[in-house]
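Before any comments, here is the structure.
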Amino acid sequence: MSERTLEFRDALREAMSQEMRANKRVFLLGEEVAEYDGAYKVSRGMLEEFGPQRIIDTPISESGFAGMAIGAAMMGLRPIVEFMSWSFSLVAADPILNNAPKMLYMSGGQFGCPIVFRGNDGAGGQLGSTHSWCVEGMYSNVPGLKMAIPAFADDAKGLLTTAIRDDDPVFFLESERLLALKGHVPEGEHLVPFGQALVRRSGDDVTIVSFGRPVHFCLEAAEALEAEGISCEVIDGRTIRPLDLDTIVRSVKKTNACVVVDQSWSFGSPGSEIAAQIHQACFDDLDNHVMRVHSADVPTPYAWNLEQEYLPNARRIAEAVRSALYVA
Amino acid sequence: MSITLTMPRLSDTMEQGTIIKWNVQEGDEVASGAVVADIETDKATMEMQAYDDGVVAKILVGEGTQVPVGTAIALIAEDGEDPADIDAAPSAAAEAAQVDPTPETPEPSTPAAEAPTAPTPARSAPPASGPGRPRVSPVARRLAEEHGIDLGSLAGSGPGGRIIKRDVLAQVNAEPMAGTVETAVPVPLAAPTAVQEVPALESAAIEVSGMRQTIARRLVESKQTIPHYQVKMRFSMDALIDLRASLNEKLAAEEVKLSVNDFLVRACALAMAEHPMFNASWAGDRILAHRRVNVGVAVSLSEERGGGLVVATIRDANLKSLRMISAETRSLASKARDKGLTTEEMSDATFTISNLGMFGVDDFTAIINPPNSAILACGAAIEQPVVRDHQLAVGWEMAANLSLDHRVIDGAMAARYLATLKSMIEEPMRLLA
Numbered sequence: 001m002s003e004r005t006l007e008f009r010d011a012l013r014e015a016m017s018q019e020m021r022a023n024k025r026v027f028l029l030g031e032e033v034a035e036y037d038g039a040y041k042v043s044r045g046m047l048e049e050f051g052p053q054r055i056i057d058t059p060i061s062e063s064g065f066a067g068m069a070i071g072a073a074m075m076g077l078r079p080i081v082e083f084m085s086w087s088f089s090l091v092a093a094d095p096i097l098n099n100a101p102k103m104l105y106m107s108g109g110q111f112g113c114p115i116v117f118r119g120n121d122g123a124g125g126q127l128g129s130t131h132s133w134c135v136e137g138m139y140s141n142v143p144g145l146k147m148a149i150p151a152f153a154d155d156a157k158g159l160l161t162t163a164i165r166d167d168d169p170v171f172f173l174e175s176e177r178l179l180a181l182k183g184h185v186p187e188g189e190h191l192v193p194f195g196q197a198l199v200r201r202s203g204d205d206v207t208i209v210s211f212g213r214p215v216h217f218c219l220e221a222a223e224a225l226e227a228e229g230i231s232c233e234v235i236d237g238r239t240i241r242p243l244d245l246d247t248i249v250r251s252v253k254k255t256n257a258c259v260v261v262d263q264s265w266s267f268g269s270p271g272s273e274i275a276a277q278i279h280q281a282c283f284d285d286l287d288n289h290v291m292r293v294h295s296a297d298v299p300t301p302y303a304w305n306l307e308q309e310y311l312p313n314a315r316r317i318a319e320a321v322r323s324a325l326y327v328a
Numbered sequence: 001m002s003i004t005l006t007m008p009r010l011s012d013t014m015e016q017g018t019i020i021k022w023n024v025q026e027g028d029e030v031a032s033g034a035v036v037a038d039i040e041t042d043k044a045t046m047e048m049q050a051y052d053d054g055v056v057a058k059i060l061v062g063e064g065t066q067v068p069v070g071t072a073i074a075l076i077a078e079d080g081e082d083p084a085d086i087d088a089a090p091s092a093a094a095e096a097a098q099v100d101p102t103p104e105t106p107e108p109s110t111p112a113a114e115a116p117t118a119p120t121p122a123r124s125a126p127p128a129s130g131p132g133r134p135r136v137s138p139v140a141r142r143l144a145e146e147h148g149i150d151l152g153s154l155a156g157s158g159p160g161g162r163i164i165k166r167d168v169l170a171q172v173n174a175e176p177m178a179g180t181v182e183t184a185v186p187v188p189l190a191a192p193t194a195v196q197e198v199p200a201l202e203s204a205a206i207e208v209s210g211m212r213q214t215i216a217r218r219l220v221e222s223k224q225t226i227p228h229y230q231v232k233m234r235f236s237m238d239a240l241i242d243l244r245a246s247l248n249e250k251l252a253a254e255e256v257k258l259s260v261n262d263f264l265v266r267a268c269a270l271a272m273a274e275h276p277m278f279n280a281s282w283a284g285d286r287i288l289a290h291r292r293v294n295v296g297v298a299v300s301l302s303e304e305r306g307g308g309l310v311v312a313t314i315r316d317a318n319l320k321s322l323r324m325i326s327a328e329t330r331s332l333a334s335k336a337r338d339k340g341l342t343t344e345e346m347s348d349a350t351f352t353i354s355n356l357g358m359f360g361v362d363d364f365t366a367i368i369n370p371p372n373s374a375i376l377a378c379g380a381a382i383e384q385p386v387v388r389d390h391q392l393a394v395g396w397e398m399a400a401n402l403s404l405d406h407r408v409i410d411g412a413m414a415a416r417y418l419a420t421l422k423s424m425i426e427e428p429m430r431l432l433a
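The structure is reproduced here in structure tokens:
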């Protein structure tokens with residue numbers, strides 16, 4: 001196997017293209033995905049290969065095209081819906097939350113909804129508070145959906161391939177800040193199963209759990225903390241639903257300390273849920289309560305310096321780790 | 001309600017105990033404080049006292065039987081109870097007796113278990129501040145239970161005096177020096193090891209004593225976890241042998257008879273003062289340097305009494321004269337062989353000497369006695385051809401073989417320690433000062 005390197009965005013496209021070649025029922029729709037190659041060039045060249053029937057430019061109407069795609073999924077197709085930003089999915093809340101995840105349940109098993117919603121999530125860099133949504137907190141609250149949030153290019157391909165083949169609606173959260181990140185991506189079929197976290201860095205003193213872009217903040221913090229003699233184990237959860245609690249608990253039983261890093265707001269978030277589950281699963285192994293690092297509890301600031309401080313950045317993670325370990 | 005006596009935890013590392021002898025029978029009256037049984041722990045044979053008045057209603061565990069700590073071993077009828085009515089429902093009774101009603105004491109030990117435990121002088125930390133329960137992190141509580149540490153003896157370093165993991169681990173690391181006994185020591189290879197049933201060899205499985213099991217467990221642990229290495233030096237013993245003969249002759253009337261080993265104990269202790277890493281322990285992520293210099297002397301026990309060996313501790317050996325060391329060693333050795341040593345008499349050694357010289361052994365190596373960082377194996381002083389002042393001569397020589405924990409002591413440090421020791425042994429008048 002060659003160590004082939006791809007950008008995160010190209011890994012996403014490779015997953016979609018390979019699945020579309022393999023399964024005629026898979027198609028992509030969204031704003032500017034066809035003629036413009038995608039607002040972030042994720043779908044570059046796909047229109048040429050697959051034609052306008054399978055790479056569909058939609059009007060600026062998330063509620064309309066998301067609803068249409070859900071109908072298609074119910075009838076047996078496997079749509080991939082690109083939201084230019086997950087911030088724009090809010091106007092499609094009814095179809096994506098009220099229809100897709102509940103359809104199998106409400107139809108008594110008659111209609112499933114094998115659909116992927118994907119797009120940029122989180123602060124992209126001075127996009128302002130209405131375009132910087134982290135939807136993990138709100139959407140992961142809903143039963144019936146799955147949620148994947150890759151942090152590296154190989155997982156972008158592997159998790160998206162799994163998402164397209166999954167029979168349930170998958171909310172696939174990308175980050176604009178990671179699209180140009182390069183990494184080794186396996187050629188050919190590459191599947192990363194849902195519900196399997198990955199230990200990105202081994203350590204003994206503290207477990208740091210995160211998802212998506214903040215995993216990189218965690219690794220940066222771990223590097224800095226190593227110089228202080230603190231050994232961090234960084235776990236990339238990869239999917240929030242299903243959640244791989246086992247890997248987290250195994251690590252916490254070793255380190256006795258845990259920091260959860262989640263870019264959504266703290267109240268009613270995946271971070272608070274994971275902290276609660278850790279307390280429940282391994283209370284007797286904890287030397288301190290689980291610490292959480294979230295985006296600050298304010299609308300995302302526009303100013304660059306404020307936005308950087310708003311994020312769960314490496315400095316704030318390092319502070320939480322020291323606090324968890326009773327260091328200074 | 002009858003009182004259940006359970007197998008007490010008589011040392012920090014004790015997990016099971018054997019009832020060597022019951023001093024009471026069913027129907028006997030017992031008073032609080034009376035010695036009801038002799039219990040063999042992994043370290044020593046100790047007395048078990050009653051803590052209540054009553055009549056022995058039922059003896060549940062017979063002599064020679066080994067049971068885990070906390071197992072019900074006897075039932076006592078209280079005042080007004082008819083012993084005959086008390087039925088052995090040991091499991092329920094034992095469980096009831098083990099539930100400790102005081103939340104401050106997380107150890108599931110009975111009152112009877114706590115009192116006879118040797119005092120632990122190192123536990124000088126004040127109890128956690130504030131009224132009521134000490135604040136303890138969950139994992140600290142669990143670790144304390146696992147290691148049998150009394151949370152009340154710890155000062156918490158977390159917020160509001162919360163006892164956290166590092167507080168417990170610090171105590172765990174300090175513990176072997178503070179409260180427990182380390183009986184494990186180099187074993188002469190006389191141990192019966194064939195316990196497998198190999199018919200062709202007609203082997204017999206020999207039941208082993210608690211002491212033998214402790215030796216086996218502790219020495220495997222030592223040899224497997226400590227990076228051992230050896231450094232050897234030969235000492236000229238002429239001056240020491242002359243001095244010893246002269247002193248013994250002059251002091252014979254006072255019944256003083258110094259052994260070569262007594263000189264070695266004193267020399268090692270004085271050398272430790274100059275080389276503090278020889279009086280230290282590896283503690284996981286740090287080294288504990290001990291202030292007291294306690295030299296352990298390995299004492300072998302007779303085969304008739306089951307063999308084995310113990311380490312008798314000469315406390316503050318650097319502060320004691322040869323005469324004091326000699327008297328103390330002699331008394332401890334004879335007590336060890338006669339009726340056994342107490343926990344206190346075997347605990348807290350910071351360095352150990354194993355001497356097989358009296359058996360004519362020329363040279364051997366020993367296994368470190370954890371948590372020591374070094375052990376000195378001494379052979380016999382032997383009269384042999386030596387080179388003195390470029391001339392072949394006849395002189396007394398002794399081989400001293402140090403086994404060292406490389407985590408604490410490096411080769412050059414060992415060489416310097418041996419050089420100090422050599423200068424003291426070869427100019428033994430220094431040991432009289």
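Each protein sequence line maps, in turn, to chains A and B. Our numbering puts the first residue of the first sequence at 1, with every later residue one more than the last. Our numbering puts the first residue of the second sequence at 1, with every later residue one more than the last. Built from N, CA and C at the ideal position, the CB exists for glycine as well.
Could you round the C-beta distance between residue i and residue j to whole angstroms and report it? I think they count as a contact, below 8 angstroms.
i        : j        : result
B:SER354 : B:ILE382 : Not confirmed; about 17 angstroms, so no contact.
A:GLN263 : A:GLY122 : 5 angstroms
A:LYS254 : A:PHE194 : A:LYS254 to A:PHE194, Cβ: 24 angstroms. No contact.
B:VAL69  : B:ARG9   : 5 angstroms
B:ALA336 : B:VAL361 : With a Cβ gap of about 20 angstroms, B:ALA336 and B:VAL361 do not count as contacting.
Given a cut-off of 8 angstroms on the beta-carbon distance, is the pair residue i and residue j in contact?
i        : j        : result
A:ILE70  : A:ALA93  : no
B:ASP348 : B:ASN294 : yes
A:ALA324 : A:CYS258 : yes
B:THR41  : B:GLY210 : yes
B:LEU151 : B:PRO134 : yes
B:MET346 : B:LYS43  : yes
A:LEU260 : A:GLY271 : Sequence inspection shows Val at residue 260 of chain A; the Leu mentioned does not correspond to that position. Yes, the pair counts as a contact, with Cβ atoms nearer than the cut-off.
Tell me where the alpha helix (DSSP H) around residue i begins and ends.
i        : result
A:TYR139 : 136–139
A:ARG78  : From DSSP, A:ARG78 is part of no alpha helix (DSSP H) but of the beta strand (DSSP E) over 78–85.
B:PRO385 : Here B:PRO385 belongs to no alpha helix (DSSP H); instead the beta strand (DSSP E) covers 382–388.
A:PHE194 : Looking at the DSSP string, A:PHE194 is not in any alpha helix (DSSP H), and its letter there is neither H nor E.
B:ILE287 : Here B:ILE287 belongs to no alpha helix (DSSP H); instead the beta strand (DSSP E) covers 287–289.
Just to confirm the assignment, what range does the beta strand (DSSP E) spanning residue i have?
i        : result
B:GLN436 : The structure shown has nothing for residue 436 of chain B, since chain B only spans 1 to 433.
A:PHE302 : It should be noted that the sequence gives Tyr, not Phe, for residue 302 of chain A. Here A:TYR302 belongs to no beta strand (DSSP E), and DSSP marks it neither H nor E.
A:GLY119 : 116–120
B:ASN401 : 391–405
A:ARG42  : Residue identity differs from the one stated: residue 42 of chain A is Val in this sequence, not Arg. First-last for A:VAL42: undefined, no H or E at that position.
A:TYR36  : Looking at the DSSP string, A:TYR36 is not in any beta strand (DSSP E), and its letter there is neither H nor E.
B:VAL408 : Taken as a continuous stretch (DSSP letters only), B:VAL408 belongs to no beta strand (DSSP E), as it is neither H nor E.
A:THR239 : 239–241
A:ASN98  : Element bounds for A:ASN98: n/a, residue is neither H nor E.
B:HIS228 : 228–236
B:ILE367 : Taken as a continuous stretch (DSSP letters only), B:ILE367 belongs to no beta strand (DSSP E), as it is neither H nor E.
For residue i, which option in the options has the closest C-alpha, if you only look at C-alpha atoms?
i        : options                                   : result
B:VAL394 : B:GLU274, B:ALA252, B:SER236 and B:LEU402 : B:SER236
B:ASN372 : B:VAL208, B:ALA174 and B:MET7             : B:ALA174
B:ILE368 : B:ARG330, B:THR420, B:TYR417 and B:ILE226 : B:ILE226
B:TRP396 : B:GLY64, B:ARG323 and B:LEU243            : B:LEU243
A:LEU77  : A:CYS282, A:GLU226 and A:LYS24            : A:LYS24
B:CYS268 : B:LEU341, B:THR343 and B:THR350           : B:THR350
B:ALA399 : B:VAL231, B:LYS320 and B:ALA216           : B:VAL231
B:LEU322 : B:LEU240, B:ALA366 and B:HIS147           : B:LEU240
A:GLY158 : A:ASP167, A:SER140, A:PRO186 and A:GLU176 : A:PRO186
A:THR130 : A:SER107, A:SER85 and A:ARG118            : A:SER85
A:LEU243 : A:ALA148, A:ILE60, A:ILE115 and A:GLN18   : A:ALA148
B:GLU29  : B:TRP22, B:ASP53, B:GLU145 and B:MET7     : B:ASP53
A:SER17  : A:ASP205, A:ILE235 and A:ILE164           : A:ILE164
Closer than 7 angstroms to a non-hydrogen atom of the ligand MG - does that hold for the CB of residue i?
i        : result
B:ASP410 : Questions concerning the ligand MG fall outside what the structure shown contains, since it holds no ligand whatsoever.
Query raised in the report: Listed in chain order, which residues of the segment 201–217 of chain A have Cβ atoms closer than 9 angstroms to some Cβ of chain B?
Result: none
Item to check | Contact list for the segment 279–299 of chain A against chain B, Cβ threshold 7 angstroms | outcome: PHE283, ASP284, ASP285, LEU286, ASP287 and ASN288
**Prompt:** Which residues, in order along the segment 154–178 of chain B, keep a beta-carbon less than 8 angstroms from a beta-carbon of chain A?
**Reply:** Legend: CB atoms of the segment 154–178 of chain B lying less than 8 angstroms from CB atoms of chain A belong to residues SER157, GLY158, PRO159, ILE164, LYS165 and ARG166.
Just by C-beta distance, which residues in the segment 135–155 of chain A are closer than 9 angstroms to chain B? none
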